[in-house]
Structures are given as C-alpha cells and as structure tokens.
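Q: Next up is a structure, given as structure tokens.
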Amino acid sequence: PVPDSLSSEHAVFVEPVAAACEILEQVRIPPGAPVAVLGDGKLGLLVAQVLAAHRLEVHLYGKHREKLRIGEAAGIRTALADRKTPEATYDWVVEATGAASALMTAVRMTRPRGTVILKSTIHHLVPIDTAPVVVNELTLVGSRCGPFEPALRLLAEGAVRVEEMISAVYPLSRAPSAFRRAAQKGVLKVLLVPDGSGRDQCGKPSIHLSTG
Numbered sequence: 004p005v006p007d008s009l010s011s012e013h014a015v016f017v018e019p020v021a022a023a024c025e026i027l028e029q030v031r032i033p034p035g036a037p038v039a040v041l042g043d044g045k046l047g048l049l050v051a052q053v054l055a056a057h058r059l060e061v062h063l064y065g066k067h068r069e070k071l072r073i074g075e076a077a078g079i080r081t082a083l084a085d086r087k088t089p090e091a092t093y094d095w096v097v098e099a100t101g102a103a104s105a106l107m108t109a110v111r112m113t114r115p116r117g118t119v120i121l122k123s124t125i126h127h128l129v130p131i132d133t134a135p136v137v138v139n140e141l142t143l144v145g146s147r148c149g150p151f152e153p154a155l156r157l158l159a160e161g162a163v164r165v166e167e168m169i170s171a172v173y174p175l176s177r178a179p180s181a182f183r184r185a186a187q188k189g190v191l192k193v194l195l196v197p198d199g200s201g202r203d204q205c206g207k208p209s210i211h212l213s214t215g
C-alpha cells in the first residue's frame with residue numbers, strides 16, 4: 004500500500020523508482036563504489052538518486068544542463084556527455100539514455116571485467132561490436148521492473164526527489180493536450196487530475212493518474 008505520508012503526485016513515480024531499485028537486486032555493488040549513469044531523462048535521474056541513496060558514488064552523464072541540475076540538486080555529481088566520456092574508468096555503468104548509440108559508450112567506459120547494466124528498451128535492432136565485451140570480459144545485465152516496497156519507502160522518506168520532474172498538470176477534460184505535452188522533447192512527467200480537483204498546472208493533484 005501507498006504510505007499515508009506519500010502524496011499521490013509523488014506516488015506516480017513508484018514504477019520507475021522500482022525499476023531503479025532492481026539494479027541493486029541484480030548486481031552487488033559495495034558502498035562508496037563509483038558508478039556511472041548514462042542518461043538525464045526521467046529514468047536516468049531516478050536511477051542516479053536511488054544508487055546515491057544506497058551510498059554509492061554516482062556520476063551522472065547527460066546532454067541537457069537543465070535536467071542535470073535536477074541531479075545536482077540531489078547532491079549527485081554530473082557531467083555533460085557532449086564532451087569526451089572517460090574510457091575504462093568504472094566497474095559499473097548503467098545505460099539509461101534510450102539511445103542505441105549509448106550502448107557502446109557504456110562499454111567503452113567500463114573497466115575490464117566490469118559490468119554494464121542495460122535499462123533502455125530500444126525498439127529496433129542495435130548493432131554492437133562484441134570484441135571489447137569479449138576481450139575485456141565484460142558482463143552485460145539486462146534490467147527491467149523491480150520491487151515496489153523499497154521504492155515506496157525511498158519516496159516516502161524523501162530520499163528520491165521527484166517534484167522537479169513534474170513538467171505539467173492537466174485536468175482530465177484536457178487529456179489530449181496532456182498527451183501532446185508529454186510527447187514534447189524535454190518533458191519528464193505530465194500528470195492528469197480530475198476536473199475541479201483544485202490544482203491547475205502549478206498546483207497539487209489529488210489522484211495518481213499520469214502520462215509518460
């Protein structure tokens with residue numbers, strides 16, 4: 004169940020936060036270890052915060068300064084990925100960009116015998132040079148959904164900041180507009196609320212329907 008202390012607008016993030024928690028169910032990473040997270044979208048930001056909440060040294064790489072600032076506000080070290088990314092630097096790299104090209108970037112950033120965790124779902128065939136994977140004995144881990152209980156706990160405790168990820172709020176009567184807004188580039192999360200709920204695009208929703 005959703006804790007009473009957790010607002011509906013924050014509870015809508017439970018599924019992607021749970022997906023971030025799944026990484027720690029699959030891969031054992033010692034406290035304080037450096038971990039690279041590629042991608043400053045909704046999932047990348049949540050993954051970075053979840054890992055940081057578990058006392059890992061997270062380095063978040065992305066292409067959008069305004070989104071990276073959300074990570075910085077949560078105390079996470081960030082870097083623009085339009086610059087040359089470090090090679091063979093991390094024992095653990097999480098790919099959460101949604102871009103096919105980032106897979107090989109993640110491979111290049113991983114040390115020999117390191118682990119690449121794949122969170123992106125690419126809807127077409129992705130070519131990959133397997134030579135560095137084989138030569139460097141890398142482990143590739145596919146990671147999808149995860150447990151809700153730890154995700155709800157992190158949200159309720161405020162260990163994961165999500166308020167800044169809510170891009171807009173729409174009443175149900177304007178649902179088509181909400182979906183159009185959610186499809187726009189750079190939008191992280193759009194919420195739908197009942198008409199007359201007392202919250203406009205800057206207020207607070209009373210139900211946890213969402214898009215995106």
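Be aware that the sequence shown starts at 4, since it is given in the numbering used here, and climbs by one per residue.
Cβ atoms here follow ideal geometry from the backbone N, Cα and C, with glycine treated the same way.
Please read these numbers as outputs of a predicted model, since none were measured by experiment.
Is DSSP giving E140 helix, strand or coil here?
A: Walking along the sequence shown from the start, residue 140 turns up at place 137. Note: E140 maps to coil in three-state DSSP.
Q: If you run the structure through DSSP and keep just helix, strand and coil, what is I79?
A: Your numbering for residue 79 matches position 76 in the sequence shown. In the three-state DSSP reduction, I79 falls in the coil class, being neither helix nor strand.
Q: On the premise that L46 lies in contact with A22, defined as a C-beta separation below 8 angstroms, what is that separation, rounded to the nearest angstrom?
A: The residue labelled residue 22 in the question sits at position 19 within the sequence shown. The residue labelled residue 46 in the question sits at position 43 within the sequence shown. Sure, about 7 angstroms apart at Cβ, within 8 angstroms.
Q: Below 8 angstroms on the Cβ atoms is my contact criterion, and I expect M107 with T88 to pass it. Report the Cβ-Cβ distance as a whole number of Å.
A: The residue you call residue 107 lines up with position 104 of the sequence shown. The residue you call residue 88 lines up with position 85 of the sequence shown. Their Cβ separation, rounded to whole angstroms, is 11 angstroms, which puts M107 and T88 out of contact at 8 angstroms.
Q: For D198, tell me which candidate among P174, S180, V119 has the shortest Cα-Cα distance.
A: As a first step, residue 198 must be located in the sequence shown, where it is residue number 195. Considering only alpha carbons, the answer is P174.
Q: Quick check: the Cα distance between V137 and Q52, rounded to an integer number of angstroms?
A: Mapped onto the sequence shown, residue 137 falls at position 134. Mapped onto the sequence shown, residue 52 falls at position 49. So the two alpha carbons sit approximately 31 angstroms from each other.
Q: What are the boundary residues of the beta strand (DSSP E) that includes A159?
A: Position 156 of the sequence shown, counted from the first residue, corresponds to residue 159. Run containing A159: none in the beta strand (DSSP E); it sits in the alpha helix (DSSP H), 151-160.
Q: In the DSSP output, what is H62 paired with across the bridge?
A: Along the sequence shown, read from residue 1 onward, the residue named residue 62 stands at position 59. A39, R80, per the DSSP bridge assignment.
Q: Give the secondary structure of S180 by DSSP, where H, G and I count as helix, E and B as strand, and everything else as coil.
A: The sequence position of residue 180 within the sequence shown is 177, counting from 1. In the structure shown, S180 adopts helical secondary structure according to DSSP, grouped into three states.
Q: For P153, count the other beta carbons within 10 Å of its own beta carbon; 16 or more makes it buried, fewer makes it exposed. Which is it?
A: Stepping through the sequence shown from its first residue, residue 153 is reached at position 150. Classification of P153: buried, given that the 10 Å Cβ count is 16 or more.
Q: Can you give me the start and stop residues for the alpha helix (DSSP H) that G47 sits inside?
A: Here residue 47 corresponds to residue number 44 of the sequence shown, with the count starting at 1. 45-56 is the span of the alpha helix (DSSP H), which, as asked, contains G47.
Q: Taking DSSP as the reference, what is the three-state secondary structure of T108?
A: Here residue 108 corresponds to residue number 105 of the sequence shown, with the count starting at 1. Residue state, collapsed to three classes: helix.
Q: Pull the bridge partners of P174 from the DSSP assignment, please.
A: The residue labelled residue 174 in the question sits at position 171 within the sequence shown. In the DSSP output, where bridge partners are listed per residue, P174 has V196.
Q: Taking the alpha carbon of L91 as the point to measure from, which residue in E18, A84, V110 has its own alpha carbon closest?
A: Stepping through the sequence shown from its first residue, residue 91 is reached at position 88. Leu is not the amino acid found at residue 91; the sequence shown has Ala there. With distances taken between Cα atoms, A91 lies closest to V110.
Q: Please report the Cβ distance between A105 and R164, rounded to the nearest whole angstrom; I am assuming they are in contact, meaning their Cβ atoms lie under 8 angstroms.
A: Residue 105 sits at position 102 when you count from the first residue of the sequence shown. Residue 164 sits at position 161 when you count from the first residue of the sequence shown. The Cβ separation is near 24 angstroms, so there is no contact.
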